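One line per chain: the protein sequences are S and D, in this order. The first sequence begins at 1 in the numbering used here and counts up by one. The second sequence begins at 1 in the numbering used here and counts up by one. Glycine residues also receive a C-beta, built at the ideal position from the N, C-alpha and C atoms. Being a predicted model, the structure only gives us computed values, none of them experimental. For reference, the structure is listed below as structure tokens.
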Amino acid sequence: MTADKATAHHTADSSQEKDISKPTGVKALLIEVAGMTHFSGRFFKEAFLPPYELNEFLKQSYLIGNKSLPLVGITAFIMGLVFTMQSQPTLAKFGATSWLPAMVSVAMIREISPVITALICAGKVGSGIGAELASMRVTEQIDAMEVAGNRPFKYIVVSKIAATIFMVPLLVIFADGIALIGSYLGVNLSGHTAFNVFFGHVFNKLDFIDVFPAFVKTFFFGFAIGMISCYKGYNSNEGTEGVGRAANSAVVIASLAIFIIDMIAVQVANLFN
Amino acid sequence: MQTAIDNKITDQKAHSAEEVVRIEHLSKAFGTHTVLKDINLHLSKGENLIVMGKSGTGKSVLIKCMVGLMEPDSGSICIFGQSVPDLDEKELNDVRKKIGFLFQSAALYDSMTVRENLEFPLRDDKEIKSGERAKMVEEVLNNVGLLEAIDKMPSELSGGMRKRIGLARTLIQRPDIILYDEPTTGLDPITSREISHLIVDIQKKYGSAALIITHDLDCARITGNRVILLDEGLVIAEGSYDDLKDSNDERVRDFFK
Ligand SMILES: Nc1ncnc2c1ncn2[C@@H]1O[C@H](COP(=O)(O)OP(=O)(O)OP(=O)(O)O)[C@@H](O)[C@H]1O
Ligand SMILES: [Mg+2]
Numbered sequence: 001m002t003a004d005k006a007t008a009h010h011t012a013d014s015s016q017e018k019d020i021s022k023p024t025g026v027k028a029l030l031i032e033v034a035g036m037t038h039f040s041g042r043f044f045k046e047a048f049l050p051p052y053e054l055n056e057f058l059k060q061s062y063l064i065g066n067k068s069l070p071l072v073g074i075t076a077f078i079m080g081l082v083f084t085m086q087s088q089p090t091l092a093k094f095g096a097t098s099w100l101p102a103m104v105s106v107a108m109i110r111e112i113s114p115v116i117t118a119l120i121c122a123g124k125v126g127s128g129i130g131a132e133l134a135s136m137r138v139t140e141q142i143d144a145m146e147v148a149g150n151r152p153f154k155y156i157v158v159s160k161i162a163a164t165i166f167m168v169p170l171l172v173i174f175a176d177g178i179a180l181i182g183s184y185l186g187v188n189l190s191g192h193t194a195f196n197v198f199f200g201h202v203f204n205k206l207d208f209i210d211v212f213p214a215f216v217k218t219f220f221f222g223f224a225i226g227m228i229s230c231y232k233g234y235n236s237n238e239g240t241e242g243v244g245r246a247a248n249s250a251v252v253i254a255s256l257a258i259f260i261i262d263m264i265a266v267q268v269a270n271l272f273n
Numbered sequence: 001m002q003t004a005i006d007n008k009i010t011d012q013k014a015h016s017a018e019e020v021v022r023i024e025h026l027s028k029a030f031g032t033h034t035v036l037k038d039i040n041l042h043l044s045k046g047e048n049l050i051v052m053g054k055s056g057t058g059k060s061v062l063i064k065c066m067v068g069l070m071e072p073d074s075g076s077i078c079i080f081g082q083s084v085p086d087l088d089e090k091e092l093n094d095v096r097k098k099i100g101f102l103f104q105s106a107a108l109y110d111s112m113t114v115r116e117n118l119e120f121p122l123r124d125d126k127e128i129k130s131g132e133r134a135k136m137v138e139e140v141l142n143n144v145g146l147l148e149a150i151d152k153m154p155s156e157l158s159g160g161m162r163k164r165i166g167l168a169r170t171l172i173q174r175p176d177i178i179l180y181d182e183p184t185t186g187l188d189p190i191t192s193r194e195i196s197h198l199i200v201d202i203q204k205k206y207g208s209a210a211l212i213i214t215h216d217l218d219c220a221r222i223t224g225n226r227v228i229l230l231d232e233g234l235v236i237a238e239g240s241y242d243d244l245k246d247s248n249d250e251r252v253r254d255f256f257k
């Protein structure tokens with residue numbers, strides 16, 4: 001049985017299943033996980049086989065960046081600023097204000113900016129993808145591509161997941177930069193530190209081991225956001241109300257996945273420490 | 001009256017023409033709800049076959065099985081001599097490229113303009129150059145009389161226009177078989193008739209075979225060479241439009257009132 005037909009089968013049968021016995025609890029969770037695993041497998045299989053949808057990938061990447069850049073920027077700036085202002089009094093008590101740039105940058109780059117950026121993307125991009133794909137499913141646009149022999153999985157799903165994998169890390173790097181600028185401003189709200197002094201401190205104290213695992217996990221964040229929201233949208237089959245539900249559960253599950261990945265990433269990074 | 005024996009005779013007669021679709025003993029159920037019980041039908045080259053039946057008898061399910069969007073529970077579906085449920089993904093895509101499918105809802109890609117909608121089915125065909133592609137788009141749009149809509153978005157079109165663009169998108173692949181799912185439903189009588197005549201024109205121009213699902217008697221009369229009637233998962237009558245209209249079977253006659 002081909003994967004395409006598997007999807008068709010899924011669409012065809014599940015609404016009926018609903019009336020008879022909709023699995024709940026652990027069973028539903030396992031079915032969901034199995035579904036996502038299969039979906040991811042299909043993504044990797046099709047992503048590496050030509051033809052490649054380069055144009056669609058670039059278009060999606062642009063849309064993702066365009067959609068979340070302002071929000072990511074503002075949030076990162078505020079996080080950097082506020083985090084600095086909050087930490088300053090405590091450090092001052094110990095006479096350790098000179099540690100401020102190092103501490104803020106480690107916290108921002110290792111943890112806060114990747115997670116916040118990923119959550120913003122899950123909210124903005126994930127809900128958009130979930131709703132878009134679900135409505136394409138409801139209005140039979142996906143079926144139409146399929147019967148025309150146009151491989152909708154490749155065109156829609158692969159290019160969107162690839163775009164989130166590619167764009168989330170870039171957005172995180174952008175957020176890192178903005179957060180440090182915010183932090184610099186926070187430092188200067190009380191007392192004066194020169195720009196080059198501040199960033200000198202930051203880059204002196206940042207190790208490879210701080211930056212690299214944080215960078216690697218952002219790819220996983222991107223994958224989780226793209227995969228989960230595409231999965232929810234592509235397999236939606238409950239008519240118009242399914243569109244809202246797909247968008248909603250895309251955000252909820254992707255956000256949860258981000259925290260789980262973050263937790264695993266910490267453990268893995270500690271192994272190498 | 002059209003009996004099972006008569007059906008067999010028509011079957012054998014049509015067998016001599018080049019057959020492009022043959023469906024035998026097709027059944028399909030959703031859970032405990034059996035939609036198609038035992039469907040037998042065939043379609044020959046250059047023929048327009050009308051499929052009628054009450055709402056919910058499984059007409060859309062039938063054509064979705066034909067293109068592999070749904071999997072039948074049992075029975076065989078042969079298109080160009082190939083058994084559709086047994087094809088792998090690549091073979092299935094090759095068969096699909098020879099089949100045009102007009103969705104009940106037109107299913108236009110709403111993030112794309114009309115032009116992009118029409119170019120989309122051709123995207124895998126590397127042999128077509130972009131100049132040629134533009135010409136093909138204009139030609140099919142001319143066929144459906146909507147050349148002026150070429151740069152519009154689907155959301156800017158009326159229901160009837162969407163249907164016609166959907167039809168144009170189906171035609172641009174130059175399919176050998178066209179499956180129309182209620183091409184005239186929801187349209188005014190004049191536009192309906194225009195579409196019906198368009199379907200006949202297409203049949204004449206391209207010599208394609210078509211399976212046309214419709215409730216619209218006008219459309220059936222204008223476009224159909226042969227009509228079959230589905231009820232409760234079975235083909236209960238088959239013949240020309242006039243044969244069925246004058247049928248003695250009450251179930252059949254009721255349909256033509
Ligand atoms: N994906 C599905 N899951 C469960 N049941 C389905 C599904 N698709 C169709 N059905 C059922 O199959 C039956 C036939 O549906 P179908 O859409 O083929 O009807 P139809 O003959 O095309 O009707 P209409 O003329 O109204 O379009 C209906 O009873 C419907 O409930
Ligand atoms: Mg239907």
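Below-9 Å beta-carbon distance, residue i vs any chain S residue
i               : result
F255 of chain D : no
F80 of chain D  : no
I99 of chain D  : yes
P183 of chain D : no
D110 of chain D : yes
K13 of chain D  : At K13 of chain D, the pLDDT of 46 sits below 50, so the modelled position is not reliable; the number obtained from the coordinates is stated separately. Closer than 9 Å: no.
V67 of chain D  : yes
D263 of chain D : In the structure displayed, chain D extends from 1 to 257; residue 263 of chain D sits before or after that span and is not available.
A168 of chain D : no
D124 of chain D : yes
E138 of chain D : no
D155 of chain D : Contrary to the premise, residue 155 of chain D reads as Ser rather than Asp in this sequence. False, the Cβ-Cβ gap to chain S never drops below 9 Å.
R208 of chain D : One point to set straight first is that residue 208 of chain D is Ser, not Arg, in the sequence displayed. No - not a single Cβ of chain S is within 9 Å of the one on S208 of chain D.
S76 of chain D  : no
K129 of chain D : no
For residue j and residue i, believed in contact at Cβ under 8 Å, the rounded distance
i               : j               : result
L118 of chain D : I202 of chain D : That belief does not hold up - the Cβ atoms of L118 of chain D and I202 of chain D are roughly 15 Å apart, past 8 Å.
F77 of chain S  : I178 of chain S : 5 Å
I63 of chain D  : I213 of chain D : 7 Å
G166 of chain D : A107 of chain D : 7 Å
F101 of chain D : V67 of chain D  : 6 Å
S183 of chain S : L81 of chain S  : 7 Å
G242 of chain S : A134 of chain S : 6 Å
Below-9 Å beta-carbon distance, residue i vs any chain D residue
i               : result
E32 of chain S  : no
D143 of chain S : yes
N273 of chain S : no
G41 of chain S  : no
A163 of chain S : no
T240 of chain S : no
N196 of chain S : no
D13 of chain S  : Any reading at D13 of chain S is ruled out, since the residue's pLDDT is 39, under 50, leaving its predicted position unreliable.
V147 of chain S : yes
I20 of chain S  : At I20 of chain S the pLDDT is 48, less than 50, meaning the model places this residue with poor confidence; the figure from the coordinates comes in the next sentence. I20 of chain S counts as touching chain D.
P51 of chain S  : yes
T24 of chain S  : no
T90 of chain S  : no
Burial state of residue i (16 or more Cβ within 10 Å)
i               : result
F212 of chain S : exposed
R137 of chain S : buried
H42 of chain D  : buried
R251 of chain D : exposed
D38 of chain D  : exposed
V314 of chain S : Since the displayed chain S opens at 1 and closes at 273, residue 314 of chain S lies outside it and no answer follows.
S192 of chain D : buried
N248 of chain D : exposed
H201 of chain S : buried
P152 of chain S : buried
V72 of chain S  : buried
R174 of chain D : exposed
G271 of chain D : Summary: the structure shown does not reach residue 271 of chain D, with chain D confined to residues 1 through 257, and so no result is reported for it.
I9 of chain D   : Caution applies to I9 of chain D, whose pLDDT of 45 falls short of 50 and renders its modelled position unreliable; the value that the coordinates give is listed next. The residue in question, I9 of chain D, is exposed, as its Cβ has fewer than 16 Cβ neighbours within 10 Å.
Residue i beta carbon near ligand 4 (any heavy atom closer than 8 Å)
i              : result
K54 of chain D : No copy of ligand 4 occurs in the structure displayed; its ligands are ligand 1 and ligand 2 alone.
Distance cut 7 Å, beta-carbon to ligand 2 heavy atom: residue list by chain order: D:K59, D:S60, D:Q104, D:D181, D:E182 and D:I213
Touching by the beta-carbon criterion (3+ pairs, under 8 Å), the segment 125–134 of chain D and the segment 159–167 of chain D: no
Cβ contact (3+ pairs, closer than 8 Å) linking the segment 109–118 of chain S and the segment 43–61 of chain D: With contact defined as three or more Cβ pairs closer than 8 Å, the segment 109–118 of chain S and the segment 43–61 of chain D are not in contact.
Inter-stretch contact at 8 Å, needing at least 3 Cβ pairs: the segment 218–238 of chain S / the segment 157–172 of chain S: yes
Stretch-stretch touch, CB-based, cutoff 8 Å, three pairs: the segment 115–134 of chain S with the segment 244–261 of chain S: yes
Contact the segment 20–27 of chain D vs the segment 65–79 of chain D: 3+ CB pairs below 8 Å: Contact between the segment 20–27 of chain D and the segment 65–79 of chain D is present: three or more C-beta pairs spanning the two stretches fall below 8 Å.
The segment 213–225 of chain D touching the segment 179–193 of chain D, judged by at least three CB pairs closer than 8 Å: yes
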